[in-house]
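The structure under discussion appears below in the form of structure tokens.
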Amino acid sequence: MSSRLDYYSASPKAMKAMIAMEALTSNLSIEPALLHLIKIRASQLNGCAFCTDMHSVDARRLGETDRRLYSIVVWRDSGFFNPRERAALAWTEAVTLLSESHVPDDVYAVAREQFNESEMVDLTIAVTTINSWNRLAVSFRQSPSS
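Going by UniProt numbering, the letters in the sequence shown line up with residues 1 to 146, in that order.
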């Protein structure tokens with residue numbers, strides 16, 4: 001699959017805003033290791049090979065195990081994730097699949113048990129940011145380097 005266009009050079013102003021949002025997301029209250037789990041799960045749901053690859057590599061650099069990385073896609077059936085991670089993954093799925101789920105109350109309730117109000121906003125910003133990156137990468141066919 002070949003790239004359709006280089007969105008960085010096509011619209012530098014827009015990409016500057018995306019980069020600023022990413023920088024902000026990385027400096028909020030959600031711990032870096034959890035951010036990568038969120039980014040990987042949203043990217044899997046959105047079919048974004050580029051972002052799934054990038055965040056898996058980044059997560060490994062932070063010490064994430066291959067076993068847990070392989071299990072993100074089936075996190076509900078795995079005992080590898082703690083309650084905070086499970087709540088974040090469920091929230092990520094609900095927000096990413098907004099048109100299907102409308103973010104159910106039970107998912108919100110579980111997330112609120114693990115995240116305070118500020119963290120909930122930060123978590124949601126992280127999910128929306130990776131969804132934006134996914135939409136750019138998938139739409140313009142950015143693929144991981146081999």
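Even glycine gets a Cβ: it sits at the ideal position worked out from N, Cα and C.
{"Asked": "Spatial distance of A59 from A42 (CA atoms)", "Found": "14 Å"}
{"Asked": "Distance between beta carbons of V138 and H46, contact taken as under 8 Å", "Found": "Before going on, a small fix: residue 46 reads as Asn here, not His. Indeed, because the Cβ distance is near 6 Å, the residues count as touching under 8 Å."}
{"Asked": "Cβ pair I30, L123 closer than 7 Å", "Found": "yes"}
{"Asked": "C-alpha gap between Y7 and S26, whole angstroms", "Found": "22 Å"}
{"Asked": "CA-to-CA distance, D53 to K16, given in whole angstroms", "Found": "22 Å"}
{"Asked": "Presumed contact (8 Å Cβ cut-off) between residue 150 and R141, rounded CB distance", "Found": "One cannot answer for residue 150 here, as it falls past the ends of the chain, which runs 1 to 146."}
{"Asked": "Contact between the stretch 86 to 95 and the stretch 63 to 70 (3+ Cβ pairs under 8 Å)", "Found": "no"}
{"Asked": "With 16 other Cβ atoms within 10 Å as the buried cut-off, status of N134", "Found": "buried"}
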